[in-house]
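Shown next, in structure tokens, is the structure this report addresses.
Residue numbers (the numbering used here): 109 to 315.
So, in structure tokens, the structure goes:
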């Protein structure tokens, strides 16, 4: 198991924590990780896009001119695809983007994402994330103390009202409980701040 420093919200080291190598120290599986990210992004798509074929657009019921004798090419409808206001060929239609992954693959993908956070030194463990007030400036101060920048994922074992209110206006911050953690949010974050109790909760589930 690898050891990591545990900080307080002032950015000061308070102790060391042994991370379970089965969760935080595996060799990441990039193929499974890719599939998990694709699944997560696909699930956000509604699949309600639609275009009209020549059978669905209005008009075009009459032959625009007679078949022969005009000197022009024969035409059967003004709603053929090559006409303005004509139907669309091979356009998108409503469909499902659902992708399936079995439970072992999902768990492996999450472990791979967490292991990458350790490998890239983007994991910050804190003893707690309790804020004295619900002001956004206080949350920003804590993030500065922890030297967390860009896209930040905060994982806590239990949500408190102060933490929710203080971070909800920060566009670059995602706040999750330990049981809500997912592969896409972990991979998307440049820094992952997690409480010591949340680390233990995740390890209990994934080991």
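Backbone N, C-alpha and C fix where the C-beta goes; we use that ideal spot for every residue, glycine too.
Which same chain residues, not among the five before or five after residue i, have their C-beta less than 7 Å away from its C-beta?
i           : result
residue 238 : 268
residue 324 : Outside the displayed span of the chain (109 to 315) sits residue 324, for which this structure offers no information.
Under three-state DSSP, which class holds residue i?
i           : result
residue 111 : strand
residue 166 : coil
residue 158 : coil
residue 121 : strand
residue 254 : coil
residue 294 : helix
residue 267 : coil
residue 284 : strand
residue 278 : coil
When you compare only the Cα positions, how much space is there between residue i and residue j?
i           : j           : result
residue 217 : residue 235 : 26 Å
residue 136 : residue 213 : 12 Å
residue 291 : residue 145 : 7 Å
residue 168 : residue 157 : 24 Å
residue 277 : residue 266 : 19 Å
residue 133 : residue 224 : 8 Å
residue 299 : residue 280 : 11 Å
residue 228 : residue 119 : 19 Å
residue 306 : residue 154 : 32 Å
residue 200 : residue 140 : 28 Å
residue 149 : residue 258 : 21 Å
residue 163 : residue 202 : 17 Å
residue 309 : residue 196 : 52 Å
residue 246 : residue 192 : 58 Å
residue 271 : residue 187 : 58 Å
Comparing alpha-carbon positions, which option in the options lies nearest residue i?
i           : options               : result
residue 165 : 140, 194 and 252      : 194
residue 160 : 147, 116 and 189      : 189
residue 230 : 302, 208 and 205      : 302
residue 293 : 175, 262 and 171      : 262
residue 208 : 171, 176 and 143      : 143
residue 312 : 131, 174 and 115      : 131
residue 297 : 252, 206, 282 and 287 : 282
Please list, in chain order, all residues of the same chain as residue i whose beta carbon is under 6 Å from its beta carbon, the five residues on each side excluded.
i           : result
residue 273 : 242
residue 204 : 155
residue 180 : none
### Task
Counting only runs of 3+ residues fully inside the stretch 171 to 246, write out the beta strand (DSSP E) ranges in chain order.
Listed in chain order, they are 231 to 234.
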